[in-house]
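Read top to bottom, the protein sequences are chains A and B. All you need for this note's numbering is the position in the first sequence, starting with 1, plus 16. All you need for this note's numbering is the position in the second sequence, starting with 1, plus 16. Here the structure comes first, spelled out in structure tokens, and everything after it is commentary.
There are 2 protein chains.
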Amino acid sequence: MEKLIEKMLTGDKRSCARLITKVENDEDEARQIIKKIHKYTGNARVIGITGPPGAGKSTLTDKLVRLLLNEGKKVAIIAVDPTSPYSGGSILGDRIRMQDLALEANVFIRSLGTRGYLGGLSRSTKDVVKVLDAYGADYIFIETVGVGQSEVDIIKTADTILMVMVPGLGDDIQSIKAGIMEIGDIFAINKADLFGAERTATEINMMLDLGQNIERRPPVKLVCAREKQGINELLDELKGHIKYLEDTGKLRERRYRNTKVEILEMIEEHLRRIVIGYTDKDDKLDIRVNEILDKDKNIYQVIDEFLSVINK
Amino acid sequence: MEKLIEKMLTGDKRSCARLITKVENDEDEARQIIKKIHKYTGNARVIGITGPPGAGKSTLTDKLVRLLLNEGKKVAIIAVDPTSPYSGGSILGDRIRMQDLALEANVFIRSLGTRGYLGGLSRSTKDVVKVLDAYGADYIFIETVGVGQSEVDIIKTADTILMVMVPGLGDDIQSIKAGIMEIGDIFAINKADLFGAERTATEINMMLDLGQNIERRPPVKLVCAREKQGINELLDELKGHIKYLEDTGKLRERRYRNTKVEILEMIEEHLRRIVIGYTDKDDKLDIRVNEILDKDKNIYQVIDEFLSVINK
Chain A
17 MEKLIEKMLT
27 GDKRSCARLI
37 TKVENDEDEA
47 RQIIKKIHKY
57 TGNARVIGIT
67 GPPGAGKSTL
77 TDKLVRLLLN
87 EGKKVAIIAV
97 DPTSPYSGGS
107 ILGDRIRMQD
117 LALEANVFIR
127 SLGTRGYLGG
137 LSRSTKDVVK
147 VLDAYGADYI
157 FIETVGVGQS
167 EVDIIKTADT
177 ILMVMVPGLG
187 DDIQSIKAGI
197 MEIGDIFAIN
207 KADLFGAERT
217 ATEINMMLDL
227 GQNIERRPPV
237 KLVCAREKQG
247 INELLDELKG
257 HIKYLEDTGK
267 LRERRYRNTK
277 VEILEMIEEH
287 LRRIVIGYTD
297 KDDKLDIRVN
307 EILDKDKNIY
317 QVIDEFLSVI
327 NK
Chain B
17 MEKLIEKMLT
27 GDKRSCARLI
37 TKVENDEDEA
47 RQIIKKIHKY
57 TGNARVIGIT
67 GPPGAGKSTL
77 TDKLVRLLLN
87 EGKKVAIIAV
97 DPTSPYSGGS
107 ILGDRIRMQD
117 LALEANVFIR
127 SLGTRGYLGG
137 LSRSTKDVVK
147 VLDAYGADYI
157 FIETVGVGQS
167 EVDIIKTADT
177 ILMVMVPGLG
187 DDIQSIKAGI
197 MEIGDIFAIN
207 KADLFGAERT
217 ATEINMMLDL
227 GQNIERRPPV
237 KLVCAREKQG
247 INELLDELKG
257 HIKYLEDTGK
267 LRERRYRNTK
277 VEILEMIEEH
287 LRRIVIGYTD
297 KDDKLDIRVN
307 EILDKDKNIY
317 QVIDEFLSVI
327 NK
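Here is the structure:
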């Protein structure tokens with residue numbers, strides 16, 4: 017593994033891919049790898065891209081990444097979105113075009129699964145970001161679909177959040193999404209050649225103007241990824257936001273907050289396993305649940321019993 | 017408190033209200049109350065009502081409850097939906113009409129807040145259900161808005177889930193909601209006098225036919241709550257589902273599963289507090305996070321340190 021890491025640090029793509037596979041599949045190896053690469057992390061800028069299915073997030077990512085490649089940057093893409101062509105979803109044409117990008121020397125693409133019901137980011141996502149960071153990626157794009165938990169999780173991982181919208185989302189969606197829109201640092205209305213783009217922009221602008229506690233009012237950009245319109249301007253906004261984070265010390269603030277959450281979540285996960293290890297043994301949980309349903313015990317008695325194991 | 021509980025058990029509405037307030041506001045009191053009333057619980061049937069904002073969930077609940085009152089039943093309504101007239105939302109006319117219901121001797125209405133970002137049910141919701149159960153409610157309706165976490169949480173609390181839809185929800189919502197539709201035991205398409213009701217019914221029926229692992233194919237009913245059309249039939253479906261749960265032993269199964277989840281969630285909450293209690297002391301967490309960001313330590317070193325203390 018030492019060797020793999022060494023090779024990865026010199027920019028070897030295949031070693032990077034193999035390390036990511038290890039990080040995904042084996043928690044102990046992940047642990048060892050992260051310990052060893054930690055001092056090489058912190059340099060990549062992590063951009064979360066989210067929005068409804070069909071908003072064209074992958075096409076937009078594709079265009080942004082190509083511009084960065086022209087600047088000589090090294091870029092990684094993590095697709096958590098199951099409808100993304102990078103993940104094998106979407107129509108064939110898209111998929112072939114996207115896979116093209118994967119052939120570029122300075123691009124690394126990886127598709128990751130989600131976890132559970134509404135699809136939060138998996139535990140390993142943060143570790144994969146760290147490997148790609150140490151690998152030397154200047155920018156890491158994480159594409160998630162804007163439904164459920166992964167959208168909430170992404171703010172714990174990314175430095176900058178780009179929300180991709182499309183014209184003609186009805187009032188229903190807009191009202192449902194009100195809470196979620198608060199996480200966007202930059203808004204792109206893609207497919208701006210479609211009818212209603214200006215109106216969608218106006219609506220989003222109105223919502224953002226109503227937003228409170230926003231230190232920096234997010235810009236709203238009309239783009240058309242397929243026609244490569246507005247991509248340069250959008251990239252400027254992304255860079256502008258990153259620069260703003262750096263200049264104001266907010267980059268450190270965000271990473272501080274994210275690291276804190278990461279620590280607490282990992283500790284909780286560890287304790288959860290201790291408890292589940294105990295409750296699963298000898299069907300203890302099963303027996304206690306039945307005792308509660310039969311009114312032999314109440315739930316607080318049971319909880320006290322289970323917790324006494326950890327506190328020991 | 018003993019006295020309050022005694023009075024509540026004899027059916028005193030005011031005592032019930034005061035106990036619920038205690039359960040909501042004070043965890044230690046909640047604990048004591050639940051311990052004491054546990055043996056009187058388990059008799060109420062809990063019906064979760066969910067669906068998009070504006071689907072007319074409250075009006076439908078209102079009509080269903082009035083039918084149950086005519087049968088001499090005791091009913092409780094918990095409104096977690098912020099747009100519900102029971103919670104003070106919605107337009108004035110609705111609100112006045114709903115508050116009417118609260119004056120009925122056999123109806124108890126309570127509005128509860130949600131928790132956090134995407135609005136899961138608050139910790140106390142389950143405890144409030146238990147109080148209302150011991151109070152002697154035959155049916156407890158929980159109204160939540162079909163957005164985010166509360167919809168997922170409701171399956172952990174209710175015996176039967178009624179999904180309320182409306183005609184003309186676009187494909188966008190349908191696709192986003194695919195996962196969430198799986199939780200419905202019964203579907204009502206409200207405002208069935210609106211254009212597109214039949215089509216919406218057909219679409220939902222098609223989705224349900226595609227659904228796998230469904231032991232009992234959920235029925236889809238066209239209703240018009242405001243005109244009192246189809247309400248009797250819908251109530252029959254609700255009762256039919258409850259009877260099905262009882263006859264097949266699935267009521268116990270669901271409650272078993274829900275109690276299990278409740279235990280595990282309460283343990284996790286407790287663990288979270290242990291962790292935060294330790295890490296917050298002497299700014300330990302703050303110092304360690306900065307050490308990680310400065311690359312003096314890696315995250316696993318920090319976690320090992322915290323765990324070693326907690327495990328002691």
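For glycine and all other residues, C-beta sits at the position ideal for the given N, C-alpha and C. Only a predicted model underlies this, so the values are computations on that prediction, with no experimental measurement involved.
| Item | Value |
| --- | --- |
| Could you give the DSSP three-state label for residue 57 of chain B: helix, strand or coil? | coil |
| Taking any Cβ of chain B, which residues in the region 292–323 of chain A have a Cβ under 9 angstroms from it, in chain order? | 292, 295, 301, 302, 304, 305, 306, 308, 309, 311, 313, 314, 315, 316, 317, 318, 319, 322 and 323 |
| Helix, strand or coil: which one does DSSP assign to residue 24 of chain B? | helix |
| Cβ atoms of residue 63 of chain A and residue 150 of chain A: under 8 angstroms apart, would you say? | no |
| Check whether the region 274–282 of chain B touches the region 303–323 of chain A, counting contact only when three or more Cβ pairs, one atom from each stretch, lie closer than 8 angstroms. | yes |
| May I have the straight-line CA-CA distance separating residue 301 of chain B from residue 247 of chain A, to the nearest angstrom? | 41 angstroms |
| Throw me the rounded Cβ distance for the residue 18 of chain A and residue 77 of chain A pair, which I believe falls under 8 angstroms. | Not really, about 33 angstroms apart at Cβ, beyond 8 angstroms. |
| Do three or more CB pairs link the region 24–40 of chain A to the region 137–155 of chain A at distances below 8 angstroms? | yes |
| Could you tell me whether any Cβ in chain E is nearer than 8 angstroms to the Cβ of residue 51 of chain B? | The structure shown contains no chain E; the protein chains it does contain are A and B. |
| Any idea if residue 13 of chain A is buried or exposed, counting beta-carbon neighbours within 10 angstroms, 16 or more meaning buried? | Given that chain A is displayed from residue 17 to residue 328, the structure contains no residue 13 of chain A and the question cannot be resolved. |
| List, in order along the chain, the chain A residues whose C-beta lies closer than 8 angstroms to that of residue 268 of chain B? | 309 |
| What does residue 275 of chain B reach in chain A if we use C-beta pairs closer than 8 angstroms? | 305, 308, 309 and 315 |
| Going by DSSP, which residues form a beta bridge with residue 32 of chain B? | Its beta-bridge partners do not exist; DSSP assigns none. |
| Can you confirm whether residue 237 of chain B, when its beta carbon is compared against all beta carbons of chain A, has any partner nearer than 8 angstroms? | no |
| Check residue 285 of chain A in the structure and name its three-state DSSP category. | helix |
| Three or more C-beta pairs closer than 8 angstroms, one from the region 249–260 of chain A and one from the region 70–84 of chain A: is that the case here? | yes |
| Distance check for residue 264 of chain A and residue 371 of chain A, CA to CA, integer angstroms please. | Outside the displayed range of chain A (17 to 328) lies residue 371 of chain A, so it cannot be described from this structure. |
| Is there a Cβ from chain A that is less than 8 angstroms from the Cβ of residue 271 of chain B? | yes |
| Counting C-beta neighbours from all protein chains within 10 Å, is the total for residue 36 of chain B 16 or more, i.e. buried, or is it exposed? | buried |
| Between residue 280 of chain A and chain B, is the shortest Cβ-Cβ distance under 8 angstroms, so that the two count as touching? | yes |
| Comparing the C-beta of residue 55 of chain B with each C-beta of chain A, is any distance below 8 angstroms? | yes |
| Using 8 angstroms as the cut-off, can you tell me whether the region 27–35 of chain B makes contact with the region 289–298 of chain A, which would need three or more C-beta pairs spanning the two stretches below that distance? | no |
| Between which two residues does the alpha helix (DSSP H) holding residue 213 of chain A run? | 213–226 |
| Cβ of residue 36 of chain B less than 8 angstroms from any chain A Cβ? | no |
| Could you spell out where the beta strand (DSSP E) holding residue 237 of chain A opens and where it closes? | 236–238 |
| Just the Cα atoms here: how many angstroms apart are residue 120 of chain A and residue 258 of chain A? | 25 angstroms |
| From residue 176 of chain B to residue 305 of chain B, what does the alpha carbon distance come to, in whole angstroms? | 45 angstroms |
| Quick one: is residue 191 of chain A near chain B, going by C-beta distance under 8 angstroms? | Here residue 191 of chain A scores only 44 on pLDDT, less than 50, and its place in the model should not be relied on; the value that follows carries that caveat. At least one chain B Cβ lies under 8 angstroms of residue 191 of chain A. |
| Using only the heavy atoms of the ligand COA, determine whether one of them is closer than 7 angstroms to the beta carbon of residue 323 of chain A. | As far as ligands go, the structure on display features none, and thus does not contain the ligand COA. |
| Can the beta-carbon of residue 239 of chain A be found closer than 8 angstroms to that of residue 208 of chain A? | yes |
| Could you check what DSSP says for residue 208 of chain A in three-state terms: helix, strand or coil? | coil |
| Can you confirm whether residue 286 of chain A, when its beta carbon is compared against all beta carbons of chain B, has any partner nearer than 8 angstroms? | yes |
| Who are the neighbours of residue 283 of chain B on chain A, taking C-beta pairs under 7 angstroms? | 291, 319, 322 and 323 |
| To the nearest angstrom, how far is it from the Cα of residue 295 of chain A to the Cα of residue 203 of chain A? | 46 angstroms |
| With distances taken between CB atoms, is the gap from residue 270 of chain A to residue 261 of chain A smaller than 8 angstroms? | yes |
| Does any residue of chain B bring its CB to less than 8 angstroms from the CB of residue 47 of chain A? | yes |
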